[in-house]
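Using UniProt numbering, read the sequence shown as starting at 1 and increasing by one per residue.
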Amino acid sequence: MKKLLLAGKVILGAGLIIIFLNSCKNETKQEDPKEVAEDSNEAKFDSIDDKKDDSEFLVDIAEVNLAEIEIGKLAQTKSTNIEVKKFGKMLVDEHTKSASEVSALAKAKNFTLPTSLTEEGQEEYNKLNEKSGVDFDKKFADMMIDGHEKAIDKLRTASEDAKDEDVKVWASNSIAGLTAHLEHAKLLKQNLDKK
């Protein structure tokens with residue numbers, strides 16, 4: 001009976017997707033990569049809430065990594081402050097490593113992740129890119145503090161609440177690295193505020 005209901009849901013879902021796609025054929029706007037990943041995971045794990053929550057966490061962390069990498073690259077090219085440039089390089093290196101780990105973990109769990117900057121990430125990038133000089137550096141430091149505080153909160157929650165043991169362990173092991181980034185960003189901001 002459950003299989004019959006599940007099959008009915010799948011057929012209904014497929015039908016709705018086809019109707020949706022046909023109605024949006026002329027629309028050229030690309031879907032947000034985060035939404036695409038979340039929708040894919042939701043379809044796979046709709047009846048398995050614990051997997052859904054863990055997949056949402058990994059999607060969020062993948063989004064963070066993508067944004068930090070792009071913003072780190074921007075800091076390296078746009079800033080004139082050597083400390084900001086160094087911090088940008090460290091972000092690219094560390095978040096590229098993290099992205100690789102998250103990707104491997106997601107693949108092992110059959111989760112879908114965004115593969116390009118999300119709409120929100122692009123907006124943040126654009127806001128930062130509009131700045132220059134000391135204004136750029138200060139905005140960059142503020143973004144790094146805010147972004148890392150949010151990411152650490154997500155890691156702490158997952159380290160306690162994740163249903164999958166591998167996801168829980170990875171989140172727990174990642175807190176220290178992001179906390180170091182946060183402290184570095186706060187110190188950077190302190191020094192920039194003196195200017």
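Quick reminder that beta carbons are idealized off the backbone N, C-alpha and C, glycines included.
Model, not experiment: these values are computed from the prediction.
In the three-state reduction of the DSSP assignment, T80 falls in the coil class, being assigned neither a helical nor a strand state. A direct Cα-Cα distance of roughly 8 Å separates T112 from S55.
Here DSSP, grouped into helix, strand and coil, assigns N110 to coil. Segment contact: the stretch 90–108 against the stretch 128–142, fewer than three CB-CB distances shorter than 8 Å; contact not assigned.
Looking from the CA of D146, the closest CA among A158, L178, V167, L117 belongs to L178. Nearest C-alpha to K89 among I69, S100, T118, K138: I69. Counting C-beta pairs with one atom in each stretch, the stretch 109–124 and the stretch 178–187 have fewer than three that are closer than 8 Å, which means they do not touch. Residues D54 of the same chain have their beta carbon placed closer than 6 Å to that of V167, with the five preceding and five following residues left out of the count. Per DSSP, the continuous alpha helix (DSSP H) segment holding A141 begins and ends at 133–161.
Counting along the chain, K195 sits inside no alpha helix (DSSP H), nor does DSSP assign it H or E at all. Taking C-beta atoms as the reference points, A171 and L192 fail to come closer than 9 Å. In its chain, beyond the 5 residues on either side, L128, K131 have a beta carbon closer than 6 Å to the beta carbon of K139. In the three-state DSSP reduction, D60 falls in the helix class (H, G or I). Judged by DSSP in its simplified three-state form, E119 adopts helix.
Between V64 and K150, the C-beta spacing is below 9 Å. Taking a contact as a CB-CB distance under 8 Å, the pair K73 and V92 counts as one, their CB atoms being some 6 Å apart. Closest by C-alpha distance to I175, out of H148, E165, K163, K195, is H148. If you draw a straight line from the Cα of S159 to the Cα of A75, it comes to about 30 Å. Shown here for M143: same chain residues with a beta carbon closer than 8 Å to its own, the five before and five after excluded, namely I71, E124, L128 in chain order.
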